[in-house]
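Just below is one structure, and these are the notes that go with it.
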Amino acid sequence: MAERALITGADGFIGLHLASCLRGEGVEVMGIGLKQELPAGRLPGCRYQACDVLDREAVFSVVREFKPGYVFHLAAQSSVRRSWEDPLFTYKVALEGQANVVDAVLEEAPEAVVHVAGSAEEYGKVEEEELPIAEDHPLRPVSPYALSKVFQEHHALFCHRAHGLKVIVTRAFNLIGPGQAPDFVASDFARQVAEIEAGMREPVIRVGNLEARRDFCDVRELAGVFWLLVRRGVPGEVYNVCSGRDRSIRELLDALLSLSQVEVRVEVDPARLRPAEIPVLRGDNGKLRKVTGWAPSIPLERTLEDLLAWWREELASAR
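Numbering (the working numbering), first residue to last: 1384 to 1702.
What follows is the structure, encoded as structure tokens:
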């Protein structure tokens, strides 16, 4: 009998890639998300059901009927910018939504291994001399989104200590890859480039802070790491998922522009500047490597090329 995995937020960026990874490993996948239905071919070979993690009864029903051996809890309000606009909703989805999922697992599938997806945003502002960031680094969240992830992490680890929940927590650094929403910087740039190429906008790319430096990880590699960790990771532990190298936002933009033949002008848009910007994030993935043997293998340049190609296809299909 095939192993079973439940993915919350399966209709999102990470969820779609994780489902594809798990199906490739022969896992039976059930995905839940906010969308009533998904476009044909979006989750091939997987079951999908519309289910809001804030609907406690619906979550319990899914877990009771599917009986997963693994639960990947990805559902979240994941935009830092939106978290400033509606912090209370961000907190509600993070904590109440997770409580519903965890309580359902403890009652209906107590042997399941749960993965809770945290974020490197939890670390907050880090000084240059504190880099690279290991898992024991202090958490200093500087956005409502980051704080919501700290809530989730502490709740998950509390449930491990108090109720024996088999939970693995990850802090993923900046994700990037095909299918990413334009709320995130690399995808935003790629969409703008593709729209300029298609004659859909003037040849001006609007940007925020280009000097910020981030540790980028391809979402396709992240999906594989999640699967490795629920089988090899230690319950009750936290793992950074990162490349161990930081790159500036300007480098992303320059790389994307080098993949295009269009001439553009770059303009700073004040609306794209964050209220509290973290200058640099670079993680230490030593703990992850030790338990899984994983090392990043997809170059950032290939990730950006694939992301731009995805946006070109999206725009072409929408015409």
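Think of the CB as a built atom: it goes at the ideal place given N, C-alpha and C, for glycine as much as any other residue.
Asked                                                                                                  : Found
Backbone secondary structure at CYS1600 - three-state DSSP                                             : strand
Buried versus exposed, by CB contacts within 10 Å (16 or more), VAL1436                                : buried
Counted within 10 angstroms of its Cβ, other Cβ atoms place ARG1603 as buried (16 or more) or exposed  : buried
Complete runs of the alpha helix (DSSP H) confined to the stretch 1546-1611 [at least 4 residues]      : 1568-1580
Under 7 angstroms between C-beta atoms of ALA1581 and LEU1698                                          : yes
Nearest-angstrom Cα separation, counted from GLN1644 out to LEU1691                                    : 13 angstroms
ARG1523 versus GLU1511, HIS1537, GLU1504 and GLN1535, residue with shortest Cα-Cα distance             : GLU1504
Spatial distance of ARG1615 from VAL1484 (CA atoms)                                                    : 22 angstroms
One or two residues paired with GLN1481 in a DSSP bridge                                               : Note: GLN1481 sits in no beta bridge, so no partner.
Distance between GLY1666 and ILE1681 (C-alpha atoms, nearest Å)                                        : 17 angstroms
Cutoff 7 angstroms; reference LEU1530; Cβ partners in own chain excluding five residues on either side : PRO1524
Host alpha helix (DSSP H) of LEU1383 (start-end)                                                       : Lying outside 1384 to 1702, the shown extent of the chain, residue 1383 is not represented and no answer is given.
Distance, GLU1646 Cα to VAL1499 Cα                                                                     : 43 angstroms
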